[in-house]
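What follows is a short report on a single structure.
Written out as structure tokens, the structure is:
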């Protein structure tokens, strides 16, 4: 069986799906920022490797014995030949801006020439790469740079690690201009990548290449790749639009069908609404069932009212016609009509008036039974039976009532009205013994020894205005009122098989 979903669940799913798309966009931006940072670090690693090799060659030319003068450091075998992969990301520790170095008075002046050579090389390189490049000696003192020559950076964590022969990189907060720029809204614009690349020869630390650069601005980079970015953004927007349109159609389409069905029912009320059961949205499935049932009930009610109006018209027409005819005769022949005949006409008028009065009372009772709002209730049968015992104890009838106490799903007032109608009906049909008992299935059985009901009439007894005692004042509404009262409590009444007399069976709803 196809599973239907609650409308609330579908809306929540749709909103969560759109939220996931937005989160994916944000994560893709964050991932892209990380890639820009790692791209920057990778470029600095390449530049550092080239500068390290060049610096090592120049230094060994000036002083071939320098590796003997400097002490060896403990490195893993061939560690400096291992490839270096970028390792920074937005999840890395973000350090404060790089502090200014400390001026070192013990700067060895014999390396001024190599410093001047590399300072020129640094200037040429920076014009293209825009990277900050410094060459540090084995003590962490700057010997080549655009500025800060003779300044020590040995206390910085990345330089400190490099002085131990280990490659090191950190992400630091970037010192930006005070005036606002659009680029400041991109997160990577707030940071700067710092790389410390050790220069090693024969396990001897000769110096450190210290590089830094701000990663590319994400907005500028996306602009250069605008077609790819627009394509990705268009795909995400398309997914969001498709999700929104699908949800909209899932919600609005059934509602439009419902409106069309209601308009059709309004224009052609003789046909009930037949909405298809919605296979996905549970609430609409329930709504379709409710409207289908409501249209059937409205159609039944409409047909009932039409038939009822015809029956009432027919029932009232006969006595009214008789009264009108008697009045016309008395009016036209008042002076000549015999007294006995006039008294007979007046008697007929009185009988017809009494019948109209009885019909009016019964119709009011039926209207109340049909239309009164009754909340679900139950009662103890013992209290109702005690009232019936007192009501009929002075009547010429043997009434047998159960002494056991039963709880039935109907109000005490309705149960009493139903039983009074049935017992009175039995008395009117010459019953001398009436038995009211519960059977093993807790169905209420009302049985009498009256004249009974013929097979032909058994199919009509619940029809409004059907009676075999019209001359005795019967209205034919008693059993219809009983049936209506039971219907409100979801109970049923039927005619049972009986050898003699009449037998009614009332089946109550289970508690």
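Residue numbers (this note's numbering): 15 to 525. No residue lacks a Cβ here, since even glycine has one placed at the ideal position from N, Cα and C. Bear in mind the structure is a predicted one, so any value in this text is a computation, not a measurement.
Neighbour-count burial assignment, residue 142, 16 or more Cβ in a 10 Å radius
Taking the first residue of the chain shown as 1, we reach residue 142 at position 128. Exposed, since its Cβ has fewer than 16 Cβ neighbours within 10 Å.
The beta strand (DSSP E) that contains residue 403, what's its start and end?
What you label residue 403 is simply residue 389 of the chain shown in a count that begins at 1. Counting along the chain, residue 403 falls outside any beta strand (DSSP E), though it belongs to the alpha helix (DSSP H) covering 395 to 406.
If the criterion is Cβ atoms closer than 8 angstroms, does the pair residue 208 and residue 52 meet it?
Numbered from its first residue, the chain shown carries residue 208 at position 194. Numbered from its first residue, the chain shown carries residue 52 at position 38. Cβ atoms of residue 208 and residue 52: not closer than 8 angstroms.
If you measure between the beta carbons of residue 211 and residue 63, is that distance less than 8 angstroms?
Within the chain shown, residue 211 is the residue found at index 197, counting from 1. Within the chain shown, residue 63 is the residue found at index 49, counting from 1. Their beta carbons are under 8 angstroms apart, which means residue 211 touches residue 63 by this criterion.
Less than 7 angstroms between C-beta atoms, sequence neighbours within five positions excluded: which residues of the same chain meet that for residue 422?
For the purposes of this step, residue 422 is identified with residue 408 of the chain shown, where counting begins at 1. Closer than 7 angstroms at the Cβ level, and outside the excluded window around residue 422, lie 392, 393, 395, 429 and 522.
Return yes when the Cβ of residue 509 is within less than 8 angstroms of the Cβ of residue 467, no when it is not.
Counting from 1 along the chain shown, the entry for residue 467 is found at position 453. Counting from 1 along the chain shown, the entry for residue 509 is found at position 495. In this structure, residue 509 lies closer than 8 angstroms to residue 467 by Cβ.
Let's see if you can read the secondary structure: which residues bound the alpha helix (DSSP H) around residue 442?
Against the chain shown, residue 442 aligns to sequence position 428. It spans 426 to 442 - the alpha helix (DSSP H) in which residue 442 sits, taken as one unbroken run.
If we ignore side chains and look at the alpha-carbon of each, how far apart do residue 82 and residue 140 end up?
As a working mapping, residue 82 is identified with position 68 in the chain shown. As a working mapping, residue 140 is identified with position 126 in the chain shown. Going from the Cα of residue 82 to the Cα of residue 140 covers about 33 angstroms.
Let's see if you can read the secondary structure: which residues bound the alpha helix (DSSP H) around residue 227?
The residue given as residue 227 occupies position 213 in the chain shown. From DSSP, residue 227 is part of no alpha helix (DSSP H) but of the beta strand (DSSP E) over 218 to 227.
Reference residue 368; option with closest CA among 315, 340, 382 and 333:
Here residue 368 refers to the residue found at position 354 when the chain shown is read from its first residue. That would be 333, whose Cα lies nearest to the Cα of residue 368.
Boundaries (first-last residue) of the alpha helix (DSSP H) holding residue 500:
The count along the chain shown starts at 1 and reaches residue 500 at position 486. Start and end: 492 to 502.
Please state the DSSP three-state secondary structure of residue 412.
By 1-based counting over the chain shown, the position of residue 412 is 398. Three-state result, residue 412: strand.
Can at least three beta-carbon pairs, one atom from the stretch 405 to 417 and one from the stretch 439 to 453, be found at a separation below 8 angstroms?
With a cut-off of 8 angstroms, the stretch 439 to 453 and the stretch 405 to 417 count as touching, because enough Cβ pairs lie within range.
Residue 358, DSSP secondary structure in three states
The residue given as residue 358 occupies position 344 in the chain shown. Helix, per DSSP.
Give every residue of the same chain whose Cβ lies closer than 7 angstroms to the Cβ of residue 56, excluding the five residues on either side of it in the sequence, and list them in chain order.
The residue you call residue 56 lines up with position 42 of the chain shown. Taken in chain order, the residues that qualify are 100.
Thinking C-alpha only, which one of 218, 109, 319 and 438 is nearest residue 73?
For the purposes of this step, residue 73 is identified with residue 59 of the chain shown, where counting begins at 1. Of the candidates 218, 109, 319 and 438, the one whose C-alpha sits nearest the C-alpha of residue 73 is 218.
Measuring CB to CB, does residue 80 end up less than 8 angstroms from residue 177?
As a working note, residue 80 is residue 66 in the chain shown. As a working note, residue 177 is residue 163 in the chain shown. Contact: no.
Just to confirm my understanding: we take residue 106, look at its own chain, exclude 5 residues before and 5 after, and list those with CB closer than 7 angstroms. What are they?
To locate residue 106, count along the chain shown from 1; it is residue 92. Within the same chain, residue 106 has close Cβ partners 185.
In three-state DSSP terms, what is residue 452?
Here residue 452 is taken as the residue at index 438 of the chain shown, counted from 1. Residue 452 falls in the strand class under three-state DSSP.
From residue 404 to residue 269, what does the alpha carbon distance come to, in whole angstroms?
For the purposes of this step, residue 404 is identified with residue 390 of the chain shown, where counting begins at 1. For the purposes of this step, residue 269 is identified with residue 255 of the chain shown, where counting begins at 1. Computed Cα separation, rounded: 58 angstroms.
Going by Cα to Cα distance, which pick from 61, 164, 462 and 476 is closest to residue 512?
Working through the chain shown from its first residue, we reach residue 512 at position 498. When each option's Cα is compared against that of residue 512, the closest is 462.
Of the listed residues 457, 47 and 410, nearest to residue 102 (C-alpha basis):
Here residue 102 corresponds to residue number 88 of the chain shown, with the count starting at 1. Taking only the C-alpha atoms, the option nearest residue 102 is 47.
Would a C-beta distance cut-off of 8 angstroms place residue 165 and residue 158 closer than the cut-off?
Residue mapping note: residue 165 aligns to position 151 of the chain shown, counting from 1. Residue mapping note: residue 158 aligns to position 144 of the chain shown, counting from 1. Cβ distance not < 8 angstroms, so residue 165 and residue 158 don't count as in contact.
Taking 6 angstroms as the limit between beta carbons, can you name the residues of its chain near residue 550, skipping five residues before and five after?
What is shown of the chain runs 15 to 525, which leaves residue 550 out entirely.
In whole angstroms, what is the alpha-carbon distance linking residue 42 and residue 75?
Within the chain shown, numbered from 1, the residue matching residue 42 stands at position 28. Within the chain shown, numbered from 1, the residue matching residue 75 stands at position 61. The alpha-carbon atoms of residue 42 and residue 75 are separated by roughly 49 angstroms.
C-alpha distance - residue 262 paired with residue 506, whole-angstrom precision
As a working note, residue 262 is residue 248 in the chain shown. As a working note, residue 506 is residue 492 in the chain shown. Rounded to whole angstroms, residue 262 to residue 506 spans 45 angstroms at the Cα level.
With C-beta atoms as the reference, is residue 476 less than 8 angstroms away from residue 497?
By 1-based counting over the chain shown, the position of residue 476 is 462. By 1-based counting over the chain shown, the position of residue 497 is 483. Taking 8 angstroms as the Cβ cut-off, residue 476 and residue 497 qualify as a contacting pair.
Less than 8 angstroms separating the beta-carbons of residue 460 and residue 518?
For the purposes of this step, residue 460 is taken as residue 446 along the chain shown, with counting starting at 1. For the purposes of this step, residue 518 is taken as residue 504 along the chain shown, with counting starting at 1. Yes, these two residues count as a Cβ contact at 8 angstroms.
Tell me, to the nearest whole angstrom, how far the beta carbon of residue 222 is from that of residue 154; I am working on the premise that it is less than 8 angstroms.
Counted from its first residue, the chain shown places residue 222 at position 208. Counted from its first residue, the chain shown places residue 154 at position 140. Residue 154 and residue 222 do touch by the CB rule: their CB atoms are close to 7 angstroms apart, below 8 angstroms.
Using the Cβ count rule (16 or more neighbours within 10 Å means buried), how would you classify residue 495?
Here residue 495 refers to the residue found at position 481 when the chain shown is read from its first residue. Buried, because 16 or more other Cβ atoms sit within 10 Å of the Cβ of residue 495.
Residue 107 (DSSP reduced to helix, strand or coil)
The residue given as residue 107 occupies position 93 in the chain shown. Residue 107 falls in the coil class under three-state DSSP.
Entirely enclosed alpha helix (DSSP H) segments - the stretch 298 to 356, minimum 4 residues:
none
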